[in-house]
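The block underneath contains the structure these notes are about, expressed in structure tokens.
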Amino acid sequence: MTMLLSFYRVCVVILITTTLFGAVFAQRNDRMIVSNTNYWSQYFANVNDSTASFLFDDGLSKRIDEATQTHALKIEIKLNQVRDEGLPAREEWTSLNKLIDELEARIKAENGLILGHATYSGNRWLIALIFADENKALRNDMETIANGNGYSTNVIYEEDLEKSAYWQDLYPDEDSRRVLNDGLVLESLAEHGDDPEAIRLIDHWSYFQSKATAQEFANYLKIEGYKGVRISKEKDSVFSKPQWLVRSQHEGTVLLNDITSHTLRHDRKARSLMGNYDGWETMIVPRLVEP
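Taken in order, the sequence shown gives residues 10 to 300; the numbers are from my numbering.
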């Protein structure tokens, strides 16, 4: 038995936007401090031909440029137990998390702002913004805390008025954001008991400002083998101009690598035509329970 989960096309947008304005401001010692939010996101990407994991405070994106912390603190932690792809082995999770918690607590004690982590090639980077006058003490303490937990570190400190440590080192590009969004939907599907390996029909939605670009996109999808490709004109409203909707379908699983191969293809082509890929929807296919 299957069940249509028609709200999944907009579910991602809701999940992302509900807490974007959660950054907290506080006045301390004549400084306006931006604090961390409760909205963290994770995604995977390829860095130097190896798998990389990124965890970042997504909720800071609307406030980070207002942060008065002026310098980036980047702590490179050499992993002790590494899987083949360069990420930490399960056996190391407990000790690594303990170290990260201690480092972050020390940074926050000096009004530092934790931006996130990047893990790849056998190293984890803890990235934060701090005030210039906290530099020396924090750098020394980072090394002391790491050594006390059995880790070696390399600490980098640099002026970062443009907040590049957030926007360039951690924040996802458009492709990574697409994969991140797909991952959120897959988590929701799993919570509803979906079998990710089950083949099912998947619908895609893309919007364009002109019929000509919508038709070009539709032609591209047909060449790529997508089914049910059709164009319709959406009614305008007081909030937006009329748009042309292109719907398409394919049959496949919702395993991450499978679904993202289709969503990225739609998203990249839509962007190249100044359009907007709005996402996908599918049926929940419950896992079969062994008798």
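Virtual Cβ for every residue (Gly too), placed ideally from N, Cα, C.
Remember, predicted model here, so these are calculated numbers, not experimental data.
Where residue i sits in the DSSP three-state scheme
{"i": "ALA98", "result": "coil"}
{"i": "PHE65", "result": "strand"}
{"i": "GLU111", "result": "helix"}
{"i": "GLN51", "result": "strand"}
{"i": "VAL164", "result": "strand"}
{"i": "SER281", "result": "helix"}
{"i": "ARG1", "result": "The question about residue 1 has no answer here: the residues shown for the chain are numbered 10 through 300."}
{"i": "ARG72", "result": "coil"}
{"i": "ASN190", "result": "helix"}
{"i": "SER185", "result": "helix"}
{"i": "SER173", "result": "helix"}
{"i": "LEU307", "result": "Coverage of the chain is limited to positions 10 through 300, which leaves residue 307 absent and any answer about it impossible."}
{"i": "SER44", "result": "strand"}
{"i": "GLY234", "result": "coil"}
Distance between residue j and residue i (C-alpha atoms, nearest Å)
{"i": "THR46", "j": "MET292", "result": "33 Å"}
{"i": "GLU206", "j": "VAL298", "result": "14 Å"}
{"i": "ARG133", "j": "SER219", "result": "46 Å"}
{"i": "THR79", "j": "GLU100", "result": "36 Å"}
{"i": "GLU260", "j": "GLU119", "result": "53 Å"}
{"i": "PHE53", "j": "THR272", "result": "15 Å"}
{"i": "ARG72", "j": "ALA127", "result": "21 Å"}
{"i": "MET151", "j": "GLU196", "result": "35 Å"}
{"i": "VAL91", "j": "GLY131", "result": "6 Å"}
{"i": "ILE139", "j": "THR153", "result": "18 Å"}
{"i": "MET12", "j": "PHE226", "result": "Bear in mind that a pLDDT of 38 at MET12, under 50, signals an unreliable position, so the number given afterwards is only what the model happens to contain. The alpha-carbon atoms of MET12 and PHE226 are separated by roughly 30 Å."}
{"i": "SER70", "j": "THR77", "result": "15 Å"}
{"i": "ASN163", "j": "ALA146", "result": "15 Å"}
{"i": "GLU94", "j": "TRP102", "result": "16 Å"}
{"i": "LEU265", "j": "GLN51", "result": "14 Å"}
{"i": "PHE217", "j": "GLN252", "result": "6 Å"}
{"i": "SER144", "j": "THR60", "result": "According to the sequence provided, residue 144 is Asn. The question's Ser does not apply to it. Each residue's Cα considered, the two are about 31 Å apart."}
{"i": "ILE123", "j": "ILE86", "result": "16 Å"}
{"i": "ARG40", "j": "ARG115", "result": "Note that ARG40 scores a pLDDT of 49, beneath 50, so its modelled location is shaky and nothing firm can be said."}
{"i": "GLY121", "j": "ALA155", "result": "18 Å"}
{"i": "VAL194", "j": "ASP203", "result": "11 Å"}
{"i": "ALA81", "j": "ASP58", "result": "26 Å"}
Chain-order list of residues whose beta-carbon lies under 7 Å from that of residue i (same chain, five-residue window excluded)
{"i": "GLY125", "result": "PHE63, LEU64, PHE65, ASP66, ILE136, LEU179"}
{"i": "LYS83", "result": "TRP134, ILE136, ILE165, ALA174"}
{"i": "LEU170", "result": "THR79"}
{"i": "ARG148", "result": "VAL164, TYR166"}
{"i": "ASP2", "result": "With the chain covering 10 to 300 only, the question about residue 2 has no answer from this structure."}
Identified DSSP bridge partners for residue i
{"i": "GLU260", "result": "LEU210"}
{"i": "TRP289", "result": "HIS213"}
{"i": "SER332", "result": "The question about residue 332 has no answer here: the residues shown for the chain are numbered 10 through 300."}
{"i": "ASP203", "result": "PRO295"}
{"i": "THR128", "result": "SER62, ARG133"}
{"i": "ALA81", "result": "LEU138, GLU167"}
{"i": "LYS242", "result": "TRP253"}
{"i": "LEU305", "result": "What the structure shows of the chain is the stretch from 10 to 300, and residue 305 is not part of that stretch, so it cannot be assessed."}
{"i": "LYS87", "result": "ASN132"}
Same chain, Cβ closer than 8 Å to residue i, neighbours up to 5 away in sequence not counted
{"i": "HIS213", "result": "TYR235, ARG256, SER257, GLN258, HIS259, HIS271, THR272, HIS275, TYR286, GLY288, TRP289"}
{"i": "ASP74", "result": "LYS172"}
{"i": "GLU243", "result": "TYR216, PRO251, GLN252, TRP253, LEU254"}
Residues of its chain near residue i, where Cβ-Cβ distance is below 6 Å and the 5 sequence neighbours each way are ignored
{"i": "PRO97", "result": "LEU88, LEU105"}
{"i": "VAL56", "result": "TYR129"}
{"i": "ASN158", "result": "LEU108"}
{"i": "HIS201", "result": "ILE293"}
{"i": "LYS117", "result": "none"}
| message | Does the contact criterion of 3 or more C-beta pairs under 8 Å hold for the segment 173–191 versus the segment 100–113? | response | Segments in contact, no.
| task | Please determine if the segment 230–243 and the segment 286–297 are in contact, where contact requires at least 3 C-beta pairs separated by less than 8 Å. | result | No, the segment 230–243 does not touch the segment 286–297.
| request: Count the CB pairs spanning the segment 178–185 and the segment 255–267 that are closer than 8 Å, and state whether there are at least three. | output: Three or more beta-carbon pairs separated by less than 8 Å are not found between the segment 178–185 and the segment 255–267, which leaves the two stretches without contact.
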